[in-house]
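Peer 1: Residue numbers (our numbering): 51 to 249.
Glycine residues also receive a C-beta, built at the ideal position from the N, C-alpha and C atoms.
What follows is a structure written as structure tokens; I'll ask about it next.
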Amino acid sequence: MSRVEAASAGDGLDPAGAALSGGGEMGALIRSIDWSRTALGPVEAWPQSLRTALSILLSSEHPMFLWWGRELIQFYNDGYRPILGSKKHPAAMGQAGRACWKEIWDVIEPMIEKVFAGGATYLRDGLLILDRNGFLEECYFNYGYSPIRDERGAVAGVFVACSESTGHILGQRRLKLLAALGARVADAKNVEDACRVML
């Protein structure tokens, strides 16, 4: 018996509901939304490809999100939640991608279009200036955009696996600065010279 069948048999969920089972806090948030009042319609009418992608997303601890349809309706998991900061969550769940990420849309839209054309993208330590905590901040991410194909083989969504590398990048920058300062201070003859070099 598959996990979906077991979940369905074990808790009375139909296959559509089983795809949204579990998933921690974000799974509960997705289940709490009345999707019938949105452009996606009721969960029971969602295509199998969307339900499968959501099942993968909700079952993972790695930060992931997906955009569905040309409206880029957004879903994300618990691992991705901290990336949204205090300003974007929980409104980001079910929100159109363009509305959520307007401050970086000029950067990510070409990558999204590449995916809808059948391609994929990957960026290592990509700089994004995000407004996620009420102010613009310099953030770095490793992330890849991959197509989600519908039952006819057409690209219907974008699946994104990502990890934030801001701490690593800023840490390397600090170490480089300290090494440069250390090299300059090494030539100082006295405390006064060292202070002059530091300033």
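Since I believe residue 201 is in contact with residue 92 (beta carbons under 8 Å), could you give me their beta-carbon distance rounded to a whole number of angstroms?
Peer 2: Rounded, the Cβ-Cβ distance is 18 Å, inconsistent with contact.
Peer 1: Please return the same chain residues whose Cβ sits closer than 6 Å to the Cβ of residue 189, not counting the five positions on each side in sequence.
Peer 2: Once the five neighbours on either side are set aside, the close Cβ partners of residue 189 are 178, 180 and 216.
Peer 1: Sort 173, 115 and 135 by Cα distance to residue 127 and report the nearest one.
Peer 2: If we check each option's Cα against that of residue 127, 115 comes out closest.
Peer 1: Can you name the start and end residues of the beta strand (DSSP E) that residue 117 belongs to?
Peer 2: It spans 114 to 118 - the beta strand (DSSP E) in which residue 117 sits, taken as one unbroken run.
Peer 1: When burial is assigned at 16 or more other CB atoms within 10 Å of the CB, is residue 113 buried or exposed?
Peer 2: Answer is buried; the Cβ neighbour count reaches 16.
Peer 1: Below 8 Å on the Cβ atoms is my contact criterion, and I expect residue 21 with residue 144 to pass it. Report the Cβ-Cβ distance as a whole number of Å.
Peer 2: Outside the modelled stretch of the chain, which goes from 51 to 249, sits residue 21, for which no answer is possible.
Peer 1: What residue does the beta strand (DSSP E) around residue 207 start on, and which one ends it?
Peer 2: Where residue 207 is concerned, the enclosing beta strand (DSSP E) stretches over 205 to 214.
Peer 1: DSSP three-state call for residue 132: helix, strand or coil?
Peer 2: Three-state DSSP puts residue 132 in a helix.
Peer 1: May I ask you to report which of helix, strand or coil DSSP gives residue 246?
Peer 2: Looking at residue 246 - three-state DSSP - the assignment turns out to be helix.
Peer 1: Whose CA, out of 207, 136, 79 and 238, lies closest to the CA of residue 166?
Peer 2: The residue with the shortest Cα to Cα distance from residue 166 is 207.
Peer 1: Would you mind reading off the limits of the alpha helix (DSSP H) that contains residue 163?
Peer 2: It spans 155 to 166 - the alpha helix (DSSP H) in which residue 163 sits, taken as one unbroken run.
Peer 1: For residue 148, which residues of its own chain have a beta-carbon under 7 Å away from its beta-carbon, when the five flanking residues on both sides are left out?
Peer 2: These residues qualify, in order along the chain: 122 and 155.
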